[in-house]
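Here the sequence shown is numbered in my numbering, starting from 487 and rising by one per residue. Positions of the beta carbon are idealized from the N, C-alpha and C atoms, including for glycine. Below: one structure, written as structure tokens.
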Amino acid sequence: MATTIKSSALDFNNIKSNLKDYLANKDEFRDYNFEASGLSNILDVLAYNTHLNALIANFALNESYLPTAQLRSSVVSLSEGIGYVPDTDTAAQAKVRLTFNSSAAGREETVSLPAYTKFTTSVDDTSYSFQTVQPFEAIDDGTGFYGFKTNDGSNRISIFEGSLRTKTFLVGEYQDNPVYVIPDTTIDADTVTVKVYASGVSSDFTQYQNISGATSISANSTIYILKESPNGYFDLSFGDGETFGIAPTTGSRIEISYLSVKGATANGASDFTPASQFSQGNISADLNVVTYVNSIGGDNKESIESIRKNAPFQYATQNRMVTAGDYSSLILQSYSTLIEDIASWGGEEAVNPEFGAVYISILFENGVTADTISTTKQAIRNLAAQLSIVSFNIRFIDPIETFIETDTFFQFNPKLTDLTLNAVQNNVNNIIAGYFTDNTGGFKQAFRRSNVLTEVDASSPAILSSRSNIRMQQRFTPTSPNLILVINSLLIAPAARSVLIGNRVESSFDTIVNNVIEGRYEDAANLMIQLDISNENFAYIVDTLKAVAVNKSVNLQFPVPIAIPDDNEYIITSNAFTYQGTTCLLRNKLSTNIIQIVASAGDDILVDNIGNFNAVDGIVTINNFNPTSISAGLNLIKLAAVPSNQSAIAPTRNEILNFDKDRSTTTAVTVSAIN
């Protein structure tokens, strides 16, 4: 028999059992009843102490590694060790137009709106304070109207949520690596301003720059380092005064200003009210506020899991763009408040290979406007120009969203639960919707049928088994046909033109090329058409025109191959729409890849060939499709296809999966079996 204690079994019962085995093999305790003696209590204490020490050692070891650490302080510290700075809370930002009128005599021609001018608003009955973070100027237009503008002449003024706070420190006697603690957990690091004054009473200051924005560092650099401390506050430190930037000298005054923000809860504000009148000189007036962009971009402090995921990738990039992953990491680091997810890949991996290019697809947060998206994309190009080692062309590709439709069936035994069939069915619906919420909606997030059915089966003992039919769905908006007008006689092309079509005048044609004008009109071929071309000095009337209605094809790309057509199941289906006065749907002809327009009731075929699908490539083509209206008040067609493999749908590149709850069903089959 072994006379040593096993050290690998560290739970309480195993430790106590090993202690018993050890003592039982000693002559002094041979044939001793350990359960019915005071020694049992001593063994409990020993086992408990050993078990507790093992747990502490395990916890301590776990906290030493980024993948296993559980405490935020540990994760933040470990990520900083590899050069990653977690995101702080971020202020929501809105863009507004600020103007006022003044009839004051002797008013100033140019006025300035001070930084930190406040505005109030509310979201979900909660009040928030917004403010400017820099001054803006306005010039009298001669009538007393003033409109504030940015330095580049834009009238879109940015205002930020938050409360302005200032913290002042006096530099004492020299010490190595002094740290100044800012007792605030909701700092927006992007709004921090650090000024160092020569003395406690001096008005001259040097403004320091965050090290994250520095492109080079020398002994003369004026940089500061701001990082999260273990208690959630923030530590401010400076260079060493030698090789790592200038350190404030003894007697200096350090002044830190920043916005303390509420994060994501301030997103969505649209109505802003000035907290006070604008006043300068003899001008006193109410500011008029017009909102261009509702507040967006507010975000909470980066989560532990986000830090754990992003820190290694950021470390791998080394602040330069070489691989596709580098582009994703650095873009996400700079614009994380606007971006929900991002995917990048080399041009050689594109459907049509393009060497020397990098493709980027960005899923922006809800509420981000088209103007903000355009501005962000240009800023990304500028960032790439600074950090790219090799000159690559950037190609922005919009995400392609594919929706999943499910028809789920489950066997239900009502004797095995106190819940009604409807209650269990509602639970199943919630489980399916929850699965898609948790596991899809981003790039490279796949759908796996077995996983969702496992959750369904485990949700209730009354559910004995389940199965699900899967369809993938693309959406498109039908467009009116193009109208091409061919002029029979050559005309001089004057500056101003208009086209009279029926009773509607169109003046959107800027050029006439080869006697052809192109535009988009409904029922174009049935309209009386007159072309009126005129300028200041002459006019031409041409009444001999050829009208040709031209429809464009719609190509839908699915993320995986489509099932091969057979004579039992319709592979392609759609939602209902009205065509030639009949409620119809799109559906493939059995055993073929031809798509038809079929009446919803009676299966009458209105159009025998409206398009086709390529099963292997997962492409559906619809030609000359122009319905009168779409049922259920929709303005788009939902076209569904059965995938060749319903067990898994794995998107690639810029493809994203989501769930269409409205086109999905759940059916219970009542049974009496218990297994």
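Please tell me whether residue i and residue j are closer than 9 Å, where the distance is taken between their beta carbons.
i     : j     : result
L650  : L745  : yes
S685  : S738  : yes
F841  : L824  : no
S1130 : V1046 : yes
T574  : D674  : yes
S615  : E647  : yes
A829  : R1139 : yes
L1072 : I1083 : yes
Q804  : T888  : no
A1126 : S1060 : yes
V571  : R794  : no
G725  : K748  : no
F878  : M958  : no
N1144 : F922  : yes
F764  : F631  : no
T677  : T692  : no
T606  : A750  : no
A1101 : A1062 : no
Alpha carbon to alpha carbon, how far is residue i from residue j?
i     : j     : result
T858  : F896  : 46 Å
A1049 : I848  : 30 Å
L505  : F545  : 24 Å
I1160 : V1128 : 33 Å
T701  : I890  : 46 Å
T839  : Y801  : Here residue 839 turns out to be Pro, not Thr, going by the sequence shown. Each residue's Cα considered, the two are about 29 Å apart.
K653  : T855  : 35 Å
A578  : T672  : 13 Å
I1108 : Q556  : 52 Å
V1106 : Y813  : 32 Å
A1136 : I883  : 19 Å
L584  : V680  : 28 Å
I956  : S789  : 34 Å
P885  : S860  : 15 Å
Y710  : E728  : 14 Å
A843  : T906  : 58 Å
G718  : V619  : 25 Å
N1121 : T965  : 10 Å
T940  : N641  : 55 Å
A624  : G1104 : 57 Å
Q1043 : T1068 : 28 Å
S781  : S698  : 26 Å
Kindly indicate which three-state DSSP category residue i falls into: helix, strand or coil?
i     : result
D721  : strand
S789  : coil
Y778  : strand
V910  : helix
F896  : strand
K901  : helix
R583  : strand
T1107 : strand
I880  : strand
T679  : strand
P760  : strand
F730  : coil
N753  : coil
L1122 : coil
So, for residue i: in the same chain, excluding its five sequence neighbours on each side, which residues have a beta-carbon less than 6 Å away from its beta-carbon?
i     : result
G767  : E594
R934  : A1134
L509  : F515
I1123 : F962, S1060
S559  : P716
T554  : N548
S503  : none
E826  : L849, E851
D507  : none
Counting only the same chain and skipping the five closest in sequence on each side, list residues whose C-beta sits under 7 Å from that of residue i.
i     : result
N706  : I732
N1098 : N1079, I1080, I1081, T1107
I1162 : Past the edges of the chain, shown from 487 to 1161, lies residue 1162, and the structure says nothing about it.
So is residue i in contact with chain D if we call contact Cβ pairs under 9 Å?
i     : result
V1046 : Judged by its chain identifiers, the structure shown contains no chain D, having just a single protein chain.
I'd like the list of long-range same chain contacts for residue i, defined as Cβ closer than 8 Å, with 5 residues on each side in sequence excluded.
i    : result
Y821 : T862, A865, I866
D530 : K502
### Message
I'd like to know if the region 774 to 789 and the region 751 to 766 are in contact, where contact means that at least 3 CB-CB pairs between them fall below 8 Å.
### Response
In short, these stretches touch, since the Cβ pair count reaches three.
### Message
I'd like to know if the region 896 to 911 and the region 1109 to 1120 are in contact, where contact means that at least 3 CB-CB pairs between them fall below 8 Å.
### Response
Contact between the region 896 to 911 and the region 1109 to 1120 is absent, because fewer than three Cβ pairs lie under 8 Å.
### Query
At a cut of 8 Å, does the region 1139 to 1154 reach the region 904 to 924 through at least three beta carbon pairs?
Yes, the region 1139 to 1154 touches the region 904 to 924.
### Query
Are the region 556 to 565 and the region 662 to 672 touching by the rule of at least three beta carbon pairs closer than 8 Å?
Contact check between the region 556 to 565 and the region 662 to 672: fewer than three CB pairs, one atom from each, fall below 8 Å, which does not count as touching.
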